[in-house]
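J.:
Number of protein chains: 2
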Amino acid sequence: MPEFFNVRSPARALADLLPRLTPIEGRETVPTTEALGRIVARDVRSPEDLPTFARSAMDGYSVRARDTFGASESLPALLEVVADIPTGQTSDIEIGTGEAVVAYTGGTLAKGTDAVVMVERTQPADERSIEVLRPVAPGENVIQVGEDVRKGEVVLKRGRRLRAQDVGGLLALGIVETEVLRRPKVGIISTGDELAAPSETPPPGKVRDINTYTIAARAAQCGADALALGLLPDVYEAQLAAAREGLKSVDALIFSAGSSLSTRDMTARVFDALGEPGVLTHGISIKPGKPTIVAVADGKPLFGLPGNPVSALVVFDLLAAPALRVLSGETGQSLSPAISALLTEDVPSESGREDFFPVRLSESDGAVSASPIFGKSNLIYTLVDSDGIARVPPESGGLYAGEVVEVLIYKT
Amino acid sequence: MPEFFNVRSPARALADLLPRLTPIEGRETVPTTEALGRIVARDVRSPEDLPTFARSAMDGYSVRARDTFGASESLPALLEVVADIPTGQTSDIEIGTGEAVVAYTGGTLAKGTDAVVMVERTQPADERSIEVLRPVAPGENVIQVGEDVRKGEVVLKRGRRLRAQDVGGLLALGIVETEVLRRPKVGIISTGDELAAPSETPPPGKVRDINTYTIAARAAQCGADALALGLLPDVYEAQLAAAREGLKSVDALIFSAGSSLSTRDMTARVFDALGEPGVLTHGISIKPGKPTIVAVADGKPLFGLPGNPVSALVVFDLLAAPALRVLSGETGQSLSPAISALLTEDVPSESGREDFFPVRLSESDGAVSASPIFGKSNLIYTLVDSDGIARVPPESGGLYAGEVVEVLIYKT
Numbered sequence: 013m014p015e016f017f018n019v020r021s022p023a024r025a026l027a028d029l030l031p032r033l034t035p036i037e038g039r040e041t042v043p044t045t046e047a048l049g050r051i052v053a054r055d056v057r058s059p060e061d062l063p064t065f066a067r068s069a070m071d072g073y074s075v076r077a078r079d080t081f082g083a084s085e086s087l088p089a090l091l092e093v094v095a096d097i098p099t100g101q102t103s104d105i106e107i108g109t110g111e112a113v114v115a116y117t118g119g120t121l122a123k124g125t126d127a128v129v130m131v132e133r134t135q136p137a138d139e140r141s142i143e144v145l146r147p148v149a150p151g152e153n154v155i156q157v158g159e160d161v162r163k164g165e166v167v168l169k170r171g172r173r174l175r176a177q178d179v180g181g182l183l184a185l186g187i188v189e190t191e192v193l194r195r196p197k198v199g200i201i202s203t204g205d206e207l208a209a210p211s212e213t214p215p216p217g218k219v220r221d222i223n224t225y226t227i228a229a230r231a232a233q234c235g236a237d238a239l240a241l242g243l244l245p246d247v248y249e250a251q252l253a254a255a256r257e258g259l260k261s262v263d264a265l266i267f268s269a270g271s272s273l274s275t276r277d278m279t280a281r282v283f284d285a286l287g288e289p290g291v292l293t294h295g296i297s298i299k300p301g302k303p304t305i306v307a308v309a310d311g312k313p314l315f316g317l318p319g320n321p322v323s324a325l326v327v328f329d330l331l332a333a334p335a336l337r338v339l340s341g342e343t344g345q346s347l348s349p350a351i352s353a354l355l356t357e358d359v360p361s362e363s364g365r366e367d368f369f370p371v372r373l374s375e376s377d378g379a380v381s382a383s384p385i386f387g388k389s390n391l392i393y394t395l396v397d398s399d400g401i402a403r404v405p406p407e408s409g410g411l412y413a414g415e416v417v418e419v420l421i422y423k424t
Numbered sequence: 013m014p015e016f017f018n019v020r021s022p023a024r025a026l027a028d029l030l031p032r033l034t035p036i037e038g039r040e041t042v043p044t045t046e047a048l049g050r051i052v053a054r055d056v057r058s059p060e061d062l063p064t065f066a067r068s069a070m071d072g073y074s075v076r077a078r079d080t081f082g083a084s085e086s087l088p089a090l091l092e093v094v095a096d097i098p099t100g101q102t103s104d105i106e107i108g109t110g111e112a113v114v115a116y117t118g119g120t121l122a123k124g125t126d127a128v129v130m131v132e133r134t135q136p137a138d139e140r141s142i143e144v145l146r147p148v149a150p151g152e153n154v155i156q157v158g159e160d161v162r163k164g165e166v167v168l169k170r171g172r173r174l175r176a177q178d179v180g181g182l183l184a185l186g187i188v189e190t191e192v193l194r195r196p197k198v199g200i201i202s203t204g205d206e207l208a209a210p211s212e213t214p215p216p217g218k219v220r221d222i223n224t225y226t227i228a229a230r231a232a233q234c235g236a237d238a239l240a241l242g243l244l245p246d247v248y249e250a251q252l253a254a255a256r257e258g259l260k261s262v263d264a265l266i267f268s269a270g271s272s273l274s275t276r277d278m279t280a281r282v283f284d285a286l287g288e289p290g291v292l293t294h295g296i297s298i299k300p301g302k303p304t305i306v307a308v309a310d311g312k313p314l315f316g317l318p319g320n321p322v323s324a325l326v327v328f329d330l331l332a333a334p335a336l337r338v339l340s341g342e343t344g345q346s347l348s349p350a351i352s353a354l355l356t357e358d359v360p361s362e363s364g365r366e367d368f369f370p371v372r373l374s375e376s377d378g379a380v381s382a383s384p385i386f387g388k389s390n391l392i393y394t395l396v397d398s399d400g401i402a403r404v405p406p407e408s409g410g411l412y413a414g415e416v417v418e419v420l421i422y423k424t
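If you read the sequences in order, they're chains A and B. Count along the first sequence starting at 1, add 12, and that's the number in the working numbering. Count along the second sequence starting at 1, add 12, and that's the number in the working numbering.
Right, dumping it as structure tokens:
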């Protein structure tokens with residue numbers, strides 16, 4: 013049973029794959045309040061200045077700054093308080109030399125004023141007057157018109173995944189509907205004569221399918237819509253027919269194939285039959301996850317993930333997640349939520365291969381420790397019992413206890 | 013306008029608050045495939061061994077290990093291949109001395125065998141026989157019955173927030189429905205005479221409400237259901253009535269109040285009137301976010317967040333998010349997805365106060381740099397334009413360019 017592996021590093025596999033992919037085109041308009049996590053479909057420009065009027069940044073008094081120049085504790089500036097502008101209101105009051113108007117945080121300033129004196133920098137002189145104990149510069153404690161955003165400015169670029177503050181930023185400008193890109197659709201096919209549905213009691217020799225559901229959950233966390241396209245036996249014609257039919261309605265296809273040689277070969281043959289250019293990478297230099305297949309059929313990425321649940325999730329995160337990100341139209345940098353931790357045990361590895369292993373994390377005095385959980389990658393509970401996946405870089409021949417290791421924290 | 017601030021550190025405010033909170037009691041049973049992110053309501057025990065039969069971890073041959081003892085390249089062990097057990101099937105074949113049966117990854121072993129020889133460690137001798145080039149130990153390349161999980165073992169503890177692999181782990185055991193805790197309900201009230209709904213064009217002196225929506229989005233990311241309870245003027249009776257009515261149907265209440273002294277006082281008075289013990293903390297030693305109020309009314313946490321959108325989000329993450337976590341019933345450690353970055357500019361601070369400021373992140377050669385975005389905390393777009401929030405610890409009087417700073421990455 014010889015096998016040709018076109019074994020590559022994950023980085024090399026991605027470098028070959030990603031440039032062949034383009035963001036999906038579909039768009040939809042959604043209420044901004046429901047747009048959290050969606051991708052902005054076109055540059056958004058501000059329809060107005062924000063704020064539209066000069067606002068006080070403090071509680072105090074709006075004044076003409078020059079009336080306070082030279083003021084000090086020993087020689088305060090005396091100002092007459094001629095009005096009070098309640099928050100949310102405006103006033104036609106226009107002040108003259110030596111006058112001040114009560115201002116509230118977020119409220120408007122009186123006409124003719126150019127600065128706000130904080131109430132803490134004043135003291136009452138008499139019923140109608142205050143003493144200003146320090147000078148203010150023109151513009152001090154004032155939020156100027158357009159200081160947050162200027163009319164016409166691009167406030168969100170196409171490709172931004174909307175966060176809580178982005179939703180707030182759009183609503184601040186009265187943008188209550190937002191055009192976003194459609195979510196990518198990912199089809200998932202689990203193959204293997206040994207698989208049964210989770211709701212069944214598997215007959216002897218069979219086990220329940222897990223990968224359809226773990227991969228669907230991770231795809232959803234990546235902002236994709238996952239479609240379970242079925243559980244198929246190791247029969248080439250059946251797999252090809254299901255893949256061909258499924259591919260019509262999805263943007264990406266994931267096969268969770270068996271890990272035996274024959275089933276891997278079958279996945280590769282199916283992928284080659286689905287469209288051009290077919291299989292790009294057959295085998296990646298990581299452990300676990302070596303028997304991985306990456307292909308493209310007419311612009312759509314296809315992934316053959318190893319059947320082992322641990323390998324399947326590791327490879328999904330390494331290869332399929334970045335591909336889904338391209339499809340989603342998200343642009344800008346992607347910072348991996350990785351932390352550094354101190355290894356509690358020696359971990360052997362082989363130079364030239366990236367190793368990944370689940371770890372349990374613990375924190376004490378601000379230092380995070382990572383304890384490896386060793387186990388065959390067939391064992392789903394090695395992942396269930398872990399807090400993250402640690403990585404041994406390819407140039408390393410292993411890590412010693414006490415060395416720093418990079419840990420990818422699971423998204424929940 | 014004097015004001016008494018019972019100013020505390022965020023840690024102190026939390027230490028006073030969290031012990032007064034208890035997880036919500038409500039439970040519901042959901043399909044496991046839809047339970048991602050939910051909190052497990054009771055310890056889950058495995059109804060069976062996983063796997064239920066010994067499985068091959070490799071492609072090769074199931075053998076009696078002792079038949080391979082002493083085998084080497086120069087003196088291989090000769091075994092007769094007497095059967096082939098396809099994946100997903102079992103067989104009554106029982107082997108004798110000097111015999112082997114073809115085994116596939118994930119498949120069953122023949123009766124009487126106790127190990128699997130990898131195909132790569134064999135070579136064909138003749139049509140019916142193979143030569144084994146290295147010995148295997150008993151159990152080698154075999155996943156034993158119950159090696160992943162033993163029947164009766166607690167596989168997930170009450171309080172686990174379900175991740176992709178946890179969903180898979182439950183389904184592997186045939187647990188297709190899972191009892192989870194109800195999501196906490198958070199009511200949000202925005203107060204301020206200066207506020208208008210986002211769908212309106214605000215009249216002069218008013219601005220659109222942002223905080224209801226940014227806080228609702230963050231609450232949703234924390235696994236809570238957010239209810240917008242309305243936009244209220246700075247009228248004590250109206251605020252108290254709305255808060256009292258809202259509190260009946262929620263587990264926690266958030267006021268986004270104005271930042272002027274009078275409105276902060278009003279929030280504190282409303283909270284004191286809602287139930288015992290009332291206000292716990294009035295003012296926290298952080299910038300921005302000092303005018304924060306933390307209270308408890310009959311077991312439910314109440315938060316008065318500053319009206320400034322930047323402060324409101326920072327304080328939500330520091331105080332409200334940990335409280336929601338307690339209410340949610342989630343247990344176990346909470347690792348903040350913080351990264352270390354190199355500051356690009358000096359940042360002044362005051363000793364004894366934690367400072368937070370939005371930063372833009374950039375990555376080159378594996379090093380992450382954080383560039384501060386300075387701006388008044390009224391400006392929502394300082395957050396929109398940022399990638400995370402950097403923190404200057406309270407013991408620091410400031411940080412210099414080139415120093416390491418901790419950055420909390422926004423969740424999307």
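Idealized CB from N, CA, C, for every residue including glycine.
Are the CB atoms of Val93 (chain A) and Ala115 (chain A) within a distance shorter than 8 angstroms?
T.: Contact: no.
J.: Does chain A have any CB closer than 8 angstroms to the CB of Arg78 (chain B)?
T.: Closer than 8 angstroms: no.
J.: By alpha-carbon positions, which one of A:Pro245, A:Leu241, A:Ser374, A:Arg173 ends up nearest to Ala353 (chain A)?
T.: Taking only the C-alpha atoms, the option nearest Ala353 (chain A) is A:Ser374.
J.: At the level of alpha carbons, what is the spacing between Val282 (chain B) and Thr80 (chain A)?
T.: Using only the alpha carbons, I get a separation of about 38 angstroms.
J.: Below 9 angstroms between beta carbons is the criterion; list the residues of the segment 232-259 of chain A that meet it against any residue of chain B, in chain order.
T.: The residues in question are Ala232, Gln233, Gly235, Ala240, Pro245, Asp246.
J.: What did DSSP end up calling Gln135 (chain B) once you bin it into helix, strand or coil?
T.: Strand at Gln135 (chain B).
J.: Thinking C-alpha only, which one of A:Asp277, A:Pro300, A:Ala309 is nearest His294 (chain A)?
T.: Taking only the C-alpha atoms, the option nearest His294 (chain A) is A:Asp277.
J.: What is the residue span of the beta strand (DSSP E) that Ile39 (chain B) lies within?
T.: Here residue 39 (chain B) turns out to be Arg, not Ile, going by the sequence shown. Looking at the DSSP string, the run of the beta strand (DSSP E) that includes Arg39 (chain B) is 39-43.
J.: Are the CB atoms of Leu241 (chain A) and Gly199 (chain A) nearer to each other than 8 angstroms?
T.: Yes; because the gap between Cβ atoms is below 8 angstroms, this pair is in contact.
J.: Between the segment 120-130 of chain A and the segment 67-80 of chain A, can you find at least three pairs of beta-carbon atoms closer than 8 angstroms?
T.: Output reads yes: the segment 120-130 of chain A touches the segment 67-80 of chain A.
J.: Would you say Val161 (chain B) and Ala53 (chain B) are within 8 angstroms of each other, going by their C-beta atoms?
T.: Going by C-beta atoms, Val161 (chain B) is not nearer than 8 angstroms to Ala53 (chain B).
J.: DSSP has Asp367 (chain A) in a bridge; who is on the other side?
T.: Answer by DSSP bridge pairing, in chain order: A:Lys299, A:Val404.
J.: In chain order, what residues of the same chain lie with their CB nearer than 7 angstroms to the CB of Gly49 (chain B), ignoring the 5 residues before and after it?
T.: Once the five neighbours on either side are set aside, the close Cβ partners of Gly49 (chain B) are Arg173, Leu174, Gly235.
J.: When you compare the CB positions of Ile142 (chain A) and Leu91 (chain A), do they come within less than 8 angstroms of one another, or not?
T.: Yes.
J.: With the cut-off set at 8 angstroms, would you say Leu29 (chain B) and Val327 (chain B) are in Cβ contact?
T.: For Leu29 (chain B) and Val327 (chain B), no; Cβs fall outside 8 angstroms.
J.: Starting from the Cα of Leu183 (chain B), find the closest Cα among B:Thr44, B:Val419, B:Asp377, B:Ile107 and give me that residue.
T.: Nearest option by C-alpha distance: B:Thr44.
J.: Is DSSP giving Pro14 (chain B) helix, strand or coil here?
T.: Its pLDDT being 36, under 50, Pro14 (chain B) is placed unreliably by the model, and nothing is read from it.
J.: Does the beta-carbon of Phe368 (chain B) have 16 or more other beta-carbons within 10 angstroms, so that it is buried, or is it exposed?
T.: Looking at its Cβ environment, which holds 16 or more other Cβ atoms inside 10 Å, Phe368 (chain B) is buried.
J.: Since Ala382 (chain B) and Val419 (chain B) should fall inside the 8 angstroms C-beta cutoff, what is the C-beta to C-beta distance between them, to a whole number of angstroms?
T.: Right, the Cβ-Cβ distance comes to about 5 angstroms (below 8 angstroms), so this counts as a contact.
J.: Tell whether a beta-carbon distance below 8 angstroms holds between Tyr248 (chain A) and Gly181 (chain B).
T.: No.
J.: Mark Asp358 (chain B) as exposed unless 16 or more other C-beta atoms lie within 10 angstroms of its C-beta, in which case mark it buried.
T.: So Asp358 (chain B) counts as exposed.
J.: Does DSSP put Phe65 (chain B) in a helix, a strand or coil?
T.: Correct three-state label for Phe65 (chain B): coil.
J.: Looking at the secondary structure, which residues open and close the alpha helix (DSSP H) in which Ile36 (chain B) lies?
T.: No alpha helix (DSSP H) contains Ile36 (chain B), which DSSP labels as neither H nor E.
J.: Put Met70 (chain A) into one of helix, strand or coil per three-state DSSP.
T.: Reduced to three states, the DSSP call for Met70 (chain A) is coil.
J.: Counting along the chain, where does the alpha helix (DSSP H) carrying Glu96 (chain B) start and finish?
T.: Note that residue 96 (chain B) is Asp in the sequence shown, not Glu. Premise fails: Asp96 (chain B) lies in the beta strand (DSSP E), 89-96, not in any alpha helix (DSSP H).
J.: Compare the C-beta of Ile142 (chain B) with all C-beta atoms of chain A and state if any pair is closer than 8 angstroms.
T.: No, no contact with chain A.
J.: Among B:Thr99, B:Gln135, B:Glu152, which residue has its Cα nearest to the Cα of Ser78 (chain B)?
T.: Rather than Ser, the amino acid found at residue 78 (chain B) in this sequence is Arg. Answer by Cα proximity: B:Glu152.
J.: Which residue comes first and which comes last in the beta strand (DSSP E) that contains Glu191 (chain B)?
T.: Looking at the DSSP string, the run of the beta strand (DSSP E) that includes Glu191 (chain B) is 189-193.
J.: Between Thr304 (chain A) and Pro318 (chain A), how many whole angstroms is the CB-CB distance? I'm expecting something under 8 angstroms.
T.: Thr304 (chain A) to Pro318 (chain A), Cβ: 6 angstroms. Contact.
J.: Under 8 angstroms between the Cβ atoms of Pro370 (chain A) and Gly410 (chain A)?
T.: Cβ atoms of Pro370 (chain A) and Gly410 (chain A): not closer than 8 angstroms.
J.: If we count the other Cβ atoms within 10 Å of its Cβ and call it buried at 16 or more, is Pro63 (chain A) buried or exposed?
T.: Counting Cβ neighbours within 10 Å, Pro63 (chain A) comes out buried, since at least 16 surround it.
J.: Would you say Phe65 (chain A) lies against chain B (beta-carbon separation less than 8 angstroms)?
T.: By this cut-off, Phe65 (chain A) is an interface position.
J.: Looking at Val404 (chain A): is its Cβ nearer than 8 angstroms to the Cβ of Glu342 (chain A)?
T.: The answer is no: Cβ separation not under 8 angstroms.
J.: Does DSSP classify Ser398 (chain A) as helix, strand or coil?
T.: Correct three-state label for Ser398 (chain A): coil.
J.: Would you mind reading off the limits of the alpha helix (DSSP H) that contains Val179 (chain B)?
T.: Run containing Val179 (chain B): 176-184, per the alpha helix (DSSP H) assignment.
J.: Tell me, which residues are paired with Val144 (chain B) by DSSP?
T.: Bridge partners of Val144 (chain B): B:Ala89, B:Thr134.
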